[in-house]
Amino acid sequence: MSLREPGGRRPTMRDVAARAQVSFKTVSRVVNDEGGVSPPLERRVRKAIDELDFRPNVGARILRRSDRRTASIGLLLEDVANPFSAAVQRAVEDEAEHRGVVVYSASLDEDPARERALAKAFGARNVDGLLLVPAGDDQSHLAAELRAGTAIVCVDREANNLPVDSVVTTNEIGAAEGVRHLAAAGHRRIAFLGDRTTIATARQRYVGYEEALRGLGLSVDPALVVRDVRDAGVADGAVTALLGRPDPPTAFFTAQNLVTVGAVRALRRLGREHAVALVGFDDFLLADLLRPGVTVVAQDPTAIGRIAAGLLFARIDGDTSPPQRRLVPTTLIRRGSGEIAPD
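Residue numbers (the UniProt record's numbering): 1 to 343.
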């Protein structure tokens, strides 16, 4: 049971010293794991800490440290609710936990202004490093953080105008593989549904789509291309409209997981899920339990998060080698929807 001081005042180390009947220096040594305290005295101090519900002042610890490290990092993701972002976050947290590092995370919502504001806010909290999924086309606003000694690694997308490490998926290669897979099943009219064109990965996946079609000797039909699809609802409407055409596509390549979800909803509502082929970029929860299961070009967000965290901690520990770009390959997972032949 907490015996916190009346009036809500947080207990101090002097309060702990008084309760344990030891010196302030003894409490300081126990709190800061400095050693030099006999077991009986340490037990008395820790008992007093528990009784008072004492919490060390992290800010004061930082000021006493010569390296001013905070044992914390910032993680700025596209949207922590997105399954891809959530998997990256968990991987980063797992890497940070055994190092005793706290991870502060936030969503950018593809907003460059929010990227700047949150990066500034995390910097003001003296995080040791920053993992960032760039929302804008210019990360030069982080140059001051780099000069101040903050380690920075970009995740999923490369930085622009900022020389830092990045960990990215082979987006063009993966998209091209997905399109070629549909063509191998006999499809020639393959529609493309993509995320916002302001997003580098969305542009890369469209390039992969185009290159695959041209490599197969097929022309790109602009009428079958829908870009700037912002959510599942818009994707649902786009699929419905395309299938309502006199010359509808026989297959869809959807270049983001939420776009794929919207396409699946439309196909099921129209009763076309067994007639129209679909390959999505990014895996998503329960994709394997649908009938047919959804064939996907799967990223490896766990590997992306783990590698990015490893690069960041290496920089924090003093690595001064030139910035590197690490590529994480995709995997085509065949589940049924991408293997449907055209009517």
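Don't be surprised by glycine CBs; every beta carbon is placed ideally from N, CA and C.
None of these values were measured; they are calculated from a predicted model.
- Query: Bridge partners of ALA106, per DSSP?
  - Reply: Position 106 of the sequence shown, counting from 1, holds the residue named residue 106. According to DSSP, ALA106 bridges with LEU76.
- Any idea which residues DSSP pairs residue 416 with across the strands? This structure leaves residue 416 out entirely; the chain is present only between 1 and 343.
- Among ASP79, VAL30 and ILE73, which has the Cα closest to the Cα of ARG99? The sequence position of residue 99 within the sequence shown is 99, counting from 1. Comparing Cα-Cα distances from ARG99 to each of ASP79, VAL30 and ILE73, the minimum goes to ILE73.
- Item | Cβ shell of ARG265 (< 6 Å), same chain only, five flanking positions each side left out | What you label residue 265 is simply residue 265 of the sequence shown in a count that begins at 1. Closer than 6 Å at Cβ, skipping near neighbours: ASP236.
- Item | Per DSSP, the bridge partner or partners of GLY129 | Within the sequence shown, the letter at position 129 stands for residue 129. In DSSP, GLY129 forms a bridge with ILE73 and ALA151.
- ALA298 - partner residues in DSSP beta bridges: Counted from its first residue, the sequence shown places residue 298 at position 298. ALA298 is bridged to THR331.
- Message: Here's a check: name, in chain order, each residue in its chain whose Cβ is nearer than 7 Å to the Cβ of ARG196, leaving out the five neighbours to either side.
- Response: Position 196 of the sequence shown, counting from 1, holds the residue named residue 196. Cβ within range, chain order: GLU110, ALA202, ASP228 and ARG230.
- Query: Hey, VAL92 and ARG325 are a contact pair by Cβ (cut 8 Å); roughly how many whole angstroms apart?
  - Reply: Here residue 92 is taken as the residue at index 92 of the sequence shown, counted from 1. Here residue 325 is taken as the residue at index 325 of the sequence shown, counted from 1. No, VAL92 and ARG325 are not in contact; Cβ-Cβ is about 19 Å, not under 8 Å.
- Item | First through last residue of the beta strand (DSSP E) which encompasses ALA277 | Taking the sequence shown and counting its residues from 1, the one referred to as residue 277 is at position 277. 277 to 281 is the span of the beta strand (DSSP E), which, as asked, contains ALA277.
- Work out the CA separation of GLU97 and PHE54 for me, nearest whole Å. Locating residue 54 in the sequence shown gives position 54, counting from the first residue. Locating residue 97 in the sequence shown gives position 97, counting from the first residue. Distance between the alpha carbons of PHE54 and GLU97 is about 22 Å.
- Query: Between VAL30 and VAL37, what straight-line distance do the alpha-carbon atoms span, to the nearest angstrom?
  - Reply: Within the sequence shown, numbered from 1, the residue matching residue 30 stands at position 30. Within the sequence shown, numbered from 1, the residue matching residue 37 stands at position 37. Roughly 7 Å between the two C-alpha positions.
- Taking DSSP as the reference, what is the three-state secondary structure of PRO193? The residue given as residue 193 occupies position 193 in the sequence shown. Per the sequence presented here, residue 193 reads as Leu, with Pro not at that position. Three-state DSSP puts LEU193 in a strand.
- Query: DSSP three-state call for PHE313: helix, strand or coil?
  - Reply: The residue labelled residue 313 in the question sits at position 313 within the sequence shown. Three-state DSSP puts PHE313 in a helix.
- Take ARG116 and list the residues in its own chain whose beta-carbon comes closer than 7 Å to its own, dropping the five residues that flank it on each side. Numbered from its first residue, the sequence shown carries residue 116 at position 116. Correct list, in chain order: HIS141.
- Item | According to DSSP, residues forming a beta bridge with VAL226 | Position 226 of the sequence shown, counted from the first residue, corresponds to residue 226. For VAL226, which the question treats as bridged, DSSP gives the partners LEU193.
- Query: By DSSP, does SER166 sit in helix, in strand, or in coil?
  - Reply: In the sequence shown, residue 166 corresponds to position 166, counting from 1. Three-state DSSP puts SER166 in a strand.
- Message: Given this structure, state the Cα-to-Cα distance separating ALA143 from LEU162, to the nearest angstrom.
- Response: In the sequence shown, counting from the first residue as 1, residue 143 sits at position 143. In the sequence shown, counting from the first residue as 1, residue 162 sits at position 162. About 7 Å.
- C-alpha gap between residue 379 and ASN257, whole angstroms: Absent from the model: residue 379. The displayed extent of the chain is 1 to 343, so no value can be given.
- Query: Is ALA135 helix, strand or coil by DSSP?
  - Reply: Here residue 135 refers to the residue found at position 135 when the sequence shown is read from its first residue. Residue state, collapsed to three classes: coil.
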